[in-house]
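*Asks:*
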Amino acid sequence: QQPVQSPQAVILREGEDAVINCSSSKALYSVHWYRQKHGEAPVFLMILLKGGEQKGHDKISASFNEKKQQSSLYLTASQLSYSGTYFCGTEIRETSGSRLTFGEGTQLTVNP
Amino acid sequence: DTEVTQTPKHLVMGMTNKKSLKCEQHMGHRAMYWYKQKAKKPPELMFVYSYEKLSINESVPSRFSPECPNSSLLNLHLHALQPEDSALYLCASSQGAQRGARYNEQFFGPGTRLTVL
Numbered sequence: 014q015q016p017v018q019s020p021q022a023v024i025l026r027e028g029e030d031a032v033i034n035c036s037s038s039k040a041l042y043s044v045h046w047y048r049q050k051h052g053e054a055p056v057f058l059m060i061l062l063k064g065g066e067q068k069g070h071d072k073i074s075a076s077f078n079e080k081k082q083q084s085s086l087y088l089t090a091s092q093l094s095y096s097g098t099y100f101c102g103t104e105i106r107e108t109s110g111s112r113l114t115f116g117e118g119t120q121l122t123v124n125p
Numbered sequence: 004d005t006e007v008t009q010t011p012k013h014l015v016m017g018m019t020n021k022k023s024l025k026c027e028q029h030m031g032h033r034a035m036y037w038y039k040q041k042a043k044k045p046p047e048l049m050f051v052y053s054y055e056k057l058s059i060n061e062s063v064p065s066r067f068s069p070e071c072p073n074s075s076l077l078n079l080h081l082h083a084l085q086p087e088d089s090a091l092y093l094c095a096s097s098q099g100a101q102r103g104a105r106y107n108e109q110f111f112g113p114g115t116r117l118t119v120l
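Chains A and B supply the protein sequences, listed in that same order.
Per the numbering used here: the first sequence = residues 14 to 125.
Per the numbering used here: the second sequence = residues 4 to 120.
#1: Below 8 Å CB to CB, which residues in the same chain sit around Val32 of chain A once its five sequence neighbours on both sides are set aside?
#2: According to DSSP, which residues form a beta bridge with Leu77 of chain B?
#3: What are the complete beta strand (DSSP E) segments, minimum 3 residues, inside the region 29 to 69 of chain B?
#4: From the DSSP secondary-structure annotation, give me the bridge partner or partners of Leu58 of chain A.
#5: If I'm right that Tyr42 of chain A touches Leu58 of chain A with Cβ under 8 Å, what's the distance once you round it to whole angstroms?
#6: Mapping DSSP to helix, strand and coil, what is Ser94 of chain A?
#7: Quick check on Leu79 of chain B - is its C-beta less than 8 Å from some C-beta in chain A?
#8: Looking at chain A, which residues of the region 95 to 116 of chain B have a Cβ within less than 7 Å of any of its Cβ atoms?
#9: Under 8 Å, Cβ to Cβ, is there at least one residue of chain A near Leu93 of chain B?
#10: Do three or more CB pairs link the region 64 to 77 of chain B to the region 11 to 20 of chain B at distances below 8 Å?
#11: Quick check: what's the CA-CA separation for Leu48 of chain B versus Gln14 of chain A?
#12: So which residues of chain A does Pro45 of chain B contact, with C-beta pairs closer than 7 Å?
#13: Output, in chain order, the set of chain A residues within a Cβ distance shorter than 8 Å of Leu48 of chain B.
#14: Within 10 angstroms of the Cβ of Tyr36 of chain B, are there 16 or more other Cβ atoms? Answer buried if so, exposed if not.
#15: In terms of alpha-carbon separation, which member of A:Glu27, A:Val23, A:Cys35 and A:Leu25 lies closest to Phe100 of chain A?
#16: Among A:His70, A:Ala54, A:Val23 and A:His45, which residue has its Cα nearest to the Cα of Tyr106 of chain B?
#17: Please report the distance separating the alpha-carbon of Ala83 of chain B from that of Gly17 of chain B.
#18: Starting from Ile11 of chain A, find everything on chain B with Cβ-Cβ shorter than 8 Å and list it in chain order.
#19: Taking three-plus beta-carbon pairs below 8 Å as touching, is the region 20 to 40 of chain B in contact with the region 17 to 31 of chain A?
#20: Using the rule of at least 16 other Cβ atoms within 10 Å of the residue's Cβ for burial, across every protein chain shown, is His51 of chain A buried or exposed?
#21: In or out: Ser58 of chain B buried (at least 16 other Cβ within 10 Å) or exposed?
#22: At what residues does the beta strand (DSSP E) containing Ala95 of chain B begin and finish?
#23: For my contact list, Leu113 of chain A and Gln109 of chain B are in at a C-beta cut-off of 8 Å; report their separation, rounded to the angstrom.
#24: Please report the distance separating the alpha-carbon of Lys39 of chain B from that of Val63 of chain B.
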């Protein structure tokens, strides 16, 4: 089942902050965050495991509330290069393998 | 090498054609994925290969046929496609969830933009 992302779109001025949320109704192994610029491939930003471990870019921060199956991505002091569509992906592990399901995305625009 | 490559970049085909998409990675990853992405929509999982075996098929029509010749290569064979199959086809790779890898972040190739006439 697809995770729910909010907001759908955000417009910021350079230097402002934003929070993007992702929630799932299923028990997750991990949450992934990716950014996709127009015409390009999604780029990995962050992975958060149940149990608290995480790995990702230094300038990106995120949280994962295991009890609520919710994750948030925190973009602080935004730069023009942050513009793009942000997708959360919820990972469920089964005997057959790992399945990643993406939310609908949040379109972030950072203006000068 | 942290790159996933895909060929061709663009493909236009008729409904009676047979074509193939190719994907390659040299990161030593043991899981490879095919996704379909329509405009302004998220990537949608089609197939997962783990250790060169098909592990997940998301009920994809048989006109799409995946193949994993070795751990670095992934193909998607296309036959008798429909215009609604026009989309960006993304390949991705990761360490793989089987055999205990904790982190399974995926690295995406640039995609093949497919148009079916």
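For glycine and all other residues, C-beta sits at the position ideal for the given N, C-alpha and C.
Please read these numbers as outputs of a predicted model, since none were measured by experiment.
*Replies:* This is what the structure gives:
#1: Ser85, Leu86, Tyr87 and Leu88
#2: B:Cys26
#3: 34 to 40, 47 to 53 and 56 to 60
#4: Partner(s): none; Leu58 of chain A has no beta bridge.
#5: Tyr42 of chain A to Leu58 of chain A, Cβ: 18 Å. No contact.
#6: helix
#7: no
#8: Ala100, Gln101, Arg105, Tyr106, Asn107, Glu108, Gln109, Phe110, Phe111, Gly112, Pro113 and Gly114
#9: Closer than 8 Å: yes.
#10: no
#11: 12 Å
#12: Phe100, Phe115, Gly116, Glu117 and Gly118
#13: Arg112, Leu113 and Thr114
#14: buried
#15: Selected option, being the one with the closest Cα: A:Cys35.
#16: A:His45
#17: 8 Å
#18: The structure shown does not extend to residue 11 of chain A, since chain A is modelled only from 14 to 125, so the question has no answer here.
#19: Judged by Cβ distances under 8 Å, the region 20 to 40 of chain B makes no contact with the region 17 to 31 of chain A, as fewer than three pairs qualify.
#20: exposed
#21: buried
#22: Ala90 to Ser97
#23: 7 Å
#24: 11 Å
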